Amino acid sequence: MSDHQNLLAEQRRALILDEVRRRGGVRVNELTRKLGVSDMTVRRDLDALARQGVLEKVHGGAVPVVEASTHEPGFEAKSGLELTAKEDIARAAASLVAPGAAVALSGGTTTYALAHHLVDVPDLTVVTNSVRVADVFHSAQRTSGQRQSAATVVLTGGVRTPSDSLVGPVADQAIGSLHFDVLFLGVHGISPEAGLSTPNLAEAETNRRLVQSARRVVVVADHTKWGTVGLSSFATLAQVDTLVTDAGLPAEARAEIAEHLNRLVVAGEGEPDGDAEAGAEQAGEVSESGAADGTGNPGAPTDI
Numbered sequence: 237m238s239d240h241q242n243l244l245a246e247q248r249r250a251l252i253l254d255e256v257r258r259r260g261g262v263r264v265n266e267l268t269r270k271l272g273v274s275d276m277t278v279r280r281d282l283d284a285l286a287r288q289g290v291l292e293k294v295h296g297g298a299v300p301v302v303e304a305s306t307h308e309p310g311f312e313a314k315s316g317l318e319l320t321a322k323e324d325i326a327r328a329a330a331s332l333v334a335p336g337a338a339v340a341l342s343g344g345t346t347t348y349a350l351a352h353h354l355v356d357v358p359d360l361t362v363v364t365n366s367v368r369v370a371d372v373f374h375s376a377q378r379t380s381g382q383r384q385s386a387a388t389v390v391l392t393g394g395v396r397t398p399s400d401s402l403v404g405p406v407a408d409q410a411i412g413s414l415h416f417d418v419l420f421l422g423v424h425g426i427s428p429e430a431g432l433s434t435p436n437l438a439e440a441e442t443n444r445r446l447v448q449s450a451r452r453v454v455v456v457a458d459h460t461k462w463g464t465v466g467l468s469s470f471a472t473l474a475q476v477d478t479l480v481t482d483a484g485l486p487a488e489a490r491a492e493i494a495e496h497l498n499r500l501v502v503a504g505e506g507e508p509d510g511d512a513e514a515g516a517e518q519a520g521e522v523s524e525s526g527a528a529d530g531t532g533n534p535g536a537p538t539d540i
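Quick note: the sequence shown uses this note's numbering, first residue 237, plus one each step.
Listed below in structure tokens is the structure:
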């Protein structure tokens with residue numbers, strides 16, 4: 237029996253997408269053998285991924301979509317991808333936030349997932365240019381009533397993008413006058429050469445303002461963002477303090493990241509053994525189950 241037979245549909249589709257991107261194409265019969273499911277199940281998965289615009293169906297299989305550097309998927313198209321990874325990342329990132337902090341969240345589906353984990357952190361001041369993120373906090377207040385320790389949410393103005401972010405001169409001016417303890421930044425792409433990038437020129441400028449206004453910059457990005465390059469770069473890796481990603485990031489990418497960043501947090505991995513944990517500390521890497529300072533307490537805020 238295949239180890240993959242009991243996977244949820246979302247997990248199975250993430251594996252299919254990884255296989256298509258890694259190999260440049262895959263056949264249906266190869267996927268049925270690898271996943272231990274029927275042809276019909278694989279074809280339904282390919283149909284779902286094709287509707288999301290992340291692969292193209294061809295006779296007998298699928299190939300990756302070659303996206304232009306200016307292509308910007310909408311929020312709904314991205315929200316169904318890498319759900320498990322985003323949830324792991326959100327949980328790990330939330331553990332870095334202390335009560336009473338001034339926190340900024342950029343637009344994106346990963347920061348949207350993070351917002352759900354921050355609604356119960358007391359006395360936060362949340363600055364965001366994401367309509368979706370602001371809605372998470374407002375909905376939580378409507379559901380639970382106005383709590384004395386509920387977050388104060390500052391939503392910037394601006395022009396709405398396909399990702400439901402507010403960008404442009406109005407957003408830039410509002411952000412430029414503020415200062416926050418930590419910025420949680422979702423990205424379209426991240427690479428050593430291009431740094432952090434986005435397909436949207438106006439969003440690139442707004443993200444620059446966010447980075448400039450933050451005492452610490454934490455990028456939250458699943459492994460599929462590594463190696464992707466959008467039209468406009470808005471920050472170098474040297475401007476990033478911490479990258480929180482998921483266990484799908486390959487070992488060679490982790491080693492490359494360790495050369496550029498102070499800290500790499502890999503969420504969703506099991507408890508490391510002693511040797512592995514020591515190596516992670518040297519590389520600035522931690523898993524969700526332990527902190528680089530050796531506390532082993534994922535809930536302890538670290539320098540934020």
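Here a beta-carbon is modelled for each residue, glycine too, at the ideal position from N, C-alpha and C.
If you're wondering where the values come from, they're calculated on a predicted model, not measured in any experiment.
Next on the checklist: Assuming T464 is part of the alpha helix (DSSP H), what are its boundary residues?
Outcome noted: No alpha helix (DSSP H) holds T464; DSSP gives it neither H nor E.
Item to check | Close Cβ partners of E299 (< 6 angstroms) along its chain, the five nearest in sequence each way excluded | outcome: It is worth fixing the name first, because residue 299 is Val in this sequence and not Glu. Shown here for V299: same chain residues with a beta carbon closer than 6 angstroms to its own, the five before and five after excluded, namely G261 and E292 in chain order.
Item to check | Coarse secondary structure for P428, derived from DSSP in three states | outcome: coil
Checklist entry - Can you tell me whether DSSP reads D417 as helix, strand or coil? => result Correct three-state label for D417: strand.
Item to check | Anticipated Cβ contact below 8 angstroms, V367 with R327, distance rounded | outcome: About 23 angstroms separates the two Cβ atoms, so there is no contact after all.
Item to check | Limits of the alpha helix (DSSP H) - the one that V256 falls within | outcome: A245 to R259
Item to check | 8 angstroms Cβ shell around R263 - same chain, five flanking residues per side excluded | outcome: The answer, listed in chain order, is G296 and G297.
Checklist entry - In chain order, what residues of the same chain have a beta carbon less than 6 angstroms from the beta carbon of T361, not counting five sequence neighbours either side? => result Once the five neighbours on either side are set aside, the close Cβ partners of T361 are A338 and T388.
Item to check | Spatial neighbours of A489 in its chain, beta-carbon cut-off 7 angstroms, leaving aside the 5 residues before and after | outcome: Taken in chain order, the residues that qualify are W462.
Checklist entry - Looking at I252 and V480, is the spacing between their C-beta atoms short of 9 angstroms? => result no
Checklist entry - Alpha carbon to alpha carbon, what distance is there between L485 and R248? => result 17 angstroms
Item to check | Top-ranked residue by Cα proximity to L467, from E441, G412 and D477 | outcome: Nearest of E441, G412 and D477 to L467, Cα basis: E441.
Next on the checklist: I'd like to know whether the C-beta atoms of D482 and L497 end up nearer to each other than 9 angstroms.
Outcome noted: no
Checklist entry - Closest to T460 by CA distance: which of S274, R280, D283 and L319 is it? => result L319
Checklist entry - A407 to T277, Cα distance in whole Å? => result Taking the straight line joining both Cα atoms gives about 45 angstroms.
Next on the checklist: Out of V453, S433 and A250, which one is the CA nearest neighbour of D281?
Outcome noted: A250
Item to check | Continuous beta strand (DSSP E) stretch holding A340: start and end | outcome: A338 to L341
Item to check | Closest by C-alpha distance to L354, when choosing among P335, G344 and T345 | outcome: Of the candidates P335, G344 and T345, the one whose C-alpha sits nearest the C-alpha of L354 is P335.
Checklist entry - Per DSSP, R263 forms a beta bridge with which residues? => result G297
Checklist entry - Hey, A376 and L391 are a contact pair by Cβ (cut 8 angstroms); roughly how many whole angstroms apart? => result At roughly 15 angstroms, the Cβ-Cβ gap does not stay under 8 angstroms, so A376 and L391 are not in contact.
Item to check | Per-residue DSSP class, three states only, for S366 | outcome: S366: strand per DSSP, three-state reduction.
Next on the checklist: Using C-beta distances below 6 angstroms, list every residue in its chain close to D254, excluding the 5 sequence neighbours before and after it, in chain order.
Outcome noted: none
Item to check | Neighbour-count burial assignment, E439, 16 or more Cβ in a 10 Å radius | outcome: buried
Checklist entry - Excluding the five sequence neighbours on either side, which residues of its own chain have a C-beta within less than 7 angstroms of the C-beta of E246, listed in chain order? => result So the qualifying residues of the chain are L319 and T320.
Checklist entry - Alpha carbon to alpha carbon, how far is L244 from A284? => result 14 angstroms
Checklist entry - For L446, which residues does DSSP report across the bridge? => result None, per the DSSP bridge assignment.
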